[in-house]
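J.: According to my numbering, the residues represented by the sequence shown are 5 to 228, in order. Where a beta carbon is used, it is the ideal one built from N, C-alpha and C, also for glycine.
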Amino acid sequence: MTDRELLWTVPIFSEIAEADIDAIVRLCTRRKYPKDTVVFFENDPGDILFMIVEGRIKVTILGDDGKEVILTVLGPGDFFGEMALLDNEPRSATAIAIESCELLLLHRADFESALEENRSISRGLVRVLSARLRRANHQISTLALLDVYGRVARALLDMARDEGRRLKDGHIAFRRATHQEIANRIGTTRETVTRMLKDLERQSLIDVEGKEIILRPDFEKAFD
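1) Using a threshold of 9 Å, state whether the C-beta atoms of ILE61 and LEU78 are closer than that.
2) By the 10 Å Cβ neighbour count, where 16 or more other Cβ atoms means buried, how is GLN207 classified, buried or exposed?
3) So, under 8 Å CB-CB, THR98 and PHE45 are touching, yes? Tell me the CB distance rounded to an integer number of Å.
4) Mark ARG165 as exposed unless 16 or more other C-beta atoms lie within 10 angstroms of its C-beta, in which case mark it buried.
5) Please go through the same chain and pick out, in chain order, the residues whose beta-carbon is closer than 7 Å to the beta-carbon of ASP7, but skip the five residues on each side of it.
6) So ILE56 and CYS105 are supposed to be a Cβ contact under 8 Å. How far apart are they, rounded?
7) Distance, Cα to Cα, ASP26 vs ARG34?
8) Distance check for LYS225 and HIS142, CA to CA, integer angstroms please.
9) For ARG34, which residues does DSSP report across the bridge?
10) Please work out which residues of its chain come closer than 8 Å, Cβ to Cβ, to GLU116, disregarding the five sequence neighbours upstream and downstream, and give them in chain order.
11) Using only the alpha-carbon positions, how far apart do ALA113 and GLY70 sit?
12) Report all residues from its chain with a CB closer than 6 Å to the CB of MET163; omit the five preceding and five following residues, and keep chain order.
13) Residues in the same chain with beta-carbon distance under 8 Å from ASN122, minus the five sequence neighbours each way, listed in chain order, please.
14) Could you tell me whether the Cβ atoms of LEU201 and VAL152 are closer together than 9 Å?
15) Grab me the residues of VAL212's own chain with a C-beta within less than 8 Å of its C-beta, minus the 5 sequence neighbours each way, in chain order.
16) In whole angstroms, give me the CA-to-CA distance for GLU9 and GLU120.
17) On the criterion of 16 or more Cβ atoms from any shown chain inside 10 Å, does ASN47 qualify as buried, or is it exposed?
18) Quick one: using the 10 Å Cβ neighbour count with 16 as the cut-off for buried, is ILE210 buried or exposed?
19) Reducing DSSP to helix, strand and coil, say where LYS202 ends up.
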């Protein structure tokens with residue numbers, strides 16, 4: 005994928021004219037990050053917007069005791085790091101490559117110039133930030149109102165809708181996250197997630213096949 009093609013897949017740049025896209029492309033640089041590389045730490049100064057060309061990035065908060073809470077997992081076409089550019093505050097979370105990644109980088113001054121010159125970027129940014137706020141509200145309500153069984157089920161639904169593909173038989177297949185990753189999303193233990201997934205398999209609500217989890221239609225009916 006060329007840099008121009010990538011930028012048009014990023015929601016905040018999707019409505020920009022071709023000439024303006026080319027101008028922004030010239031300001032961007034590509035950088036590769038091996039698996040498990042930290043892109044930035046929470047509280048680092050923030051002056052770069054990152055866009056994902058290849059790979060996946062997890063945005064997470066790390067406690068002093070080493071405990072991790074995963075806020076989101078992002079893939080190709082997603083962007084991150086915009087908050088620090090907008091409010092001039094330090095990074096609010098840590099971003100880590102969970103597989104080999106290639107990112108497109110746009111520095112603060114160039115991002116601010118693009119915002120001033122293209123009102124469509126501001127509109128796109130408002131839409132994306134609103135969607136992320138709704139997602140955060142959804143996560144908060146999940147953690148506050150559901151028991152651990154419900155939280156595991158909701159995490160599977162969220163991953164299926166974010167990353168999955170609908171099969172001809174109506175099932176949804178998506179990447180098999182590690183049990184620890186799921187646990188870190190919902191504030192529980194790996195052992196609890198393992199137990200809950202086995203129970204869901206016994207009930208014939210999910211199938212675990214190789215590197216994928218498959219949700220059956222009855223799962224959506226039960227937990228949606």
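T.: Inspection of the coordinates gives the following:
1) The residue labelled residue 61 in the question sits at position 57 within the sequence shown. The residue labelled residue 78 in the question sits at position 74 within the sequence shown. In contact: ILE61 and LEU78 (Cβ atoms closer than 9 Å).
2) Against the sequence shown, residue 207 aligns to sequence position 203. It counts as exposed.
3) In the sequence shown, the residue the question calls residue 98 occupies position 94. In the sequence shown, the residue the question calls residue 45 occupies position 41. Confirmed, about 5 Å.
4) Position 161 of the sequence shown holds residue 165. Exposed, by the Cβ-count rule.
5) What you label residue 7 is simply residue 3 of the sequence shown in a count that begins at 1. These residues qualify, in order along the chain: VAL29, CYS32 and LEU108.
6) As a working note, residue 56 is residue 52 in the sequence shown. As a working note, residue 105 is residue 101 in the sequence shown. That belief holds up - the Cβ atoms of ILE56 and CYS105 are roughly 7 Å apart, short of 8 Å.
7) Taking the sequence shown and counting its residues from 1, the one referred to as residue 26 is at position 22. Taking the sequence shown and counting its residues from 1, the one referred to as residue 34 is at position 30. Their backbone Cα atoms lie some 15 Å apart in a straight line.
8) Looking up residue 142 in the sequence shown gives position 138. Looking up residue 225 in the sequence shown gives position 221. Here the alpha carbons of LYS225 and HIS142 stand approximately 19 Å from one another.
9) Here residue 34 refers to the residue found at position 30 of the sequence shown. ARG34 is bridged to LEU108.
10) Here residue 116 is taken as the residue at index 112 of the sequence shown, counted from 1. Once the five neighbours on either side are set aside, the close Cβ partners of GLU116 are LEU89.
11) Along the sequence shown, read from residue 1 onward, the residue named residue 113 stands at position 109. Along the sequence shown, read from residue 1 onward, the residue named residue 70 stands at position 66. Rounded to whole angstroms, ALA113 to GLY70 spans 35 Å at the Cα level.
12) Your numbering for residue 163 matches position 159 in the sequence shown. By the criterion of a C-beta distance shorter than 6 Å, MET163 is surrounded in its chain by PHE178, once the five residues flanking it on both sides are discounted.
13) For this step, residue 122 is matched to residue 118 along the sequence shown. Beyond the five residues adjoining it in sequence on each side, ASN122 comes within less than 8 Å, by CB distance, of ILE20 and ASP24 in the same chain, given in chain order.
14) Within the sequence shown, numbered from 1, the residue matching residue 201 stands at position 197. Within the sequence shown, numbered from 1, the residue matching residue 152 stands at position 148. Result no, Cβ atoms of LEU201 and VAL152 do not sit closer than 9 Å.
15) In the sequence shown, counting from the first residue as 1, residue 212 sits at position 208. So the qualifying residues of the chain are ARG180, LEU201, GLU205 and ILE218.
16) Here residue 9 corresponds to residue number 5 of the sequence shown, with the count starting at 1. Here residue 120 corresponds to residue number 116 of the sequence shown, with the count starting at 1. So the alpha carbons of these two residues sit roughly 22 Å apart.
17) The residue labelled residue 47 in the question sits at position 43 within the sequence shown. By the neighbour-count definition (other C-beta atoms within 10 Å, threshold 16), ASN47 is an exposed residue.
18) Locating residue 210 in the sequence shown gives position 206, counting from the first residue. Its Cβ being crowded by 16 or more others within 10 Å, ILE210 is buried.
19) What you label residue 202 is simply residue 198 of the sequence shown in a count that begins at 1. Correct three-state label for LYS202: helix.
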